[in-house]
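Participant: To start, I am sharing the structure in question, which I have written as structure tokens.
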Amino acid sequence: MKRPAITQPQLVPVTSVDSHLPAVPASALTPQAIRARLRALPSWTPEFAGDGGLFVDREPAGAAVLMPLVQREAGLNLLLTRRTEHLRDHAGQISFPGGRVEPEDDGPVATALRETEEEIGLPRSYIDIIGQLPVYSTVTAFQVTPVVGLVAPGFTLQLDDFEVAEAFEVPLAFLMDPAHHQHHRFEFAGGERRFLSMPWQGPEREHFIWGATAAMLRNLYRLLIAG
């Protein structure tokens, strides 16, 4: 089955909003609390495993992304990027820094750190890796390992302007509140597809966080709220 092109996901109707679910409390969103949660995982189940099996027009490939949690005075922020419009995969979408596993990479952590430094110029010396989330299978056939890292302040980013249009931060508390999680559904020839979004109004523009990025964030929510 050929995957449907979604060029304007923000126009796909919202079918529901999860305002009935509890937000992750502030006490669970500190660097210490998240580190402890990832070190001693509770019994939990990721909500989204991905939709890579739906559209089999290419061979699966390993990938890794960094979930960079920047330590600010007001709390943790998640550092995200907006991809440039000319890329083959996920053009123009909001994403974590990351990419395909290369033969020289010693596991997903190495991939996530390398890709982050290449894409946005964030030095590894600022990043403290504290854990990983389960693999997520994207519609573009990537088997993605999300790697969680605490990022010390004081860094200066240098974006690879071929791949990254901009980088920005979103308060983690906003993303871990399901009142901001929207469900979408649309039909295409031969089937139906659903996806999640978390629109964020930044200082200069709205960032429509959706698809694989939103799904992996929802899995992080499920981990932090579990137990």
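Note that the sequence shown ends on residue 227 in full-length UniProt numbering; no numbers are left out. Note that beta-carbon positions come from the ideal geometry of N, C-alpha and C, so glycine has one too.
So who's on the other strand from R193, going by DSSP bridges?
Facilitator: F186.
Participant: Does L157 come out as helix, strand or coil in the three-state DSSP assignment?
Facilitator: DSSP places L157 in coil when its eight states are reduced to three.
Participant: Which residues bound the alpha helix (DSSP H) around R218?
Facilitator: G211 to I225 is the span of the alpha helix (DSSP H), which, as asked, contains R218.
Participant: Label V101 either buried or exposed according to how many other C-beta atoms from any shown protein chain fall within 10 Å of its C-beta, with 16 as the threshold for buried.
Facilitator: Under this definition V101 is a buried residue.
Participant: Give me the Cβ distance between H183 and M198, rounded to the nearest whole Å; I'm assuming they're in contact under 8 angstroms.
Facilitator: That pair is no contact at about 11 angstroms.
Participant: For V151 versus P68, is the C-beta spacing smaller than 8 angstroms?
Facilitator: Against a cut-off of 8 angstroms, the Cβ pair of P68 and V151 comes out as a contact.
Participant: Compare the Cα-Cα distances from L172 to each of V144, Q71 and L78 and report the closest residue.
Facilitator: Of V144, Q71 and L78, the residue nearest in Cα terms is L78.
Participant: State yes or no: is the C-beta of A23 within less than 8 angstroms of the C-beta of M176?
Facilitator: Against a cut-off of 8 angstroms, the Cβ pair of M176 and A23 comes out as a contact.
Participant: Cβ atoms of A63 and S144: under 8 angstroms apart, would you say?
Facilitator: Looking at the sequence itself, residue 144 is Val, so the reference to Ser does not match. Yes; because the gap between Cβ atoms is below 8 angstroms, this pair is in contact.
Participant: Judging by CA-CA distance, which residue of R222, V148, M216 and P178 is the nearest neighbour of V17?
Facilitator: Per the Cα distances, P178.
Participant: Where does the unbroken alpha helix (DSSP H) through T116 begin, and where does it stop?
Facilitator: Per DSSP, T116 belongs to the alpha helix (DSSP H) from P108 to I120.
Participant: Going by the beta-carbon positions, is the gap between A112 and L66 smaller than 8 angstroms?
Facilitator: For A112 and L66, yes; Cβs fall inside 8 angstroms.
Participant: In angstroms, rounded to a whole number, what distance separates the CA positions of A212 and G50?
Facilitator: Spanning the two alpha carbons is a distance of roughly 7 angstroms.
Participant: Under a Cβ-count criterion, where at least 16 other Cβ atoms within 10 Å of its own Cβ denotes burial, should P103 be classed as buried or exposed?
Facilitator: Exposed is the call here.
Participant: Please identify the residue among V12, F174 and E166 whose C-alpha is closest to the C-alpha of S19.
Facilitator: If we check each option's Cα against that of S19, F174 comes out closest.
Participant: For D89, collect the residues of the same chain with a Cβ closer than 6 angstroms to its Cβ; drop the 5 residues on either side in sequence, then sort them by chain order.
Facilitator: With a pLDDT of 49 at D89, under the threshold of 50, the modelled position of this residue cannot be trusted, and the question is left open.
Participant: Check the C-beta distance from T153 over to R72 and give it rounded, since I have them as a contact under 8 angstroms.
Facilitator: Rather than Thr, the amino acid found at residue 153 in this sequence is Pro. At roughly 7 angstroms, the Cβ-Cβ gap stays under 8 angstroms, so P153 and R72 are in contact.
Participant: Which class does H180 belong to by DSSP, given the choice of helix, strand or coil?
Facilitator: It is helical.
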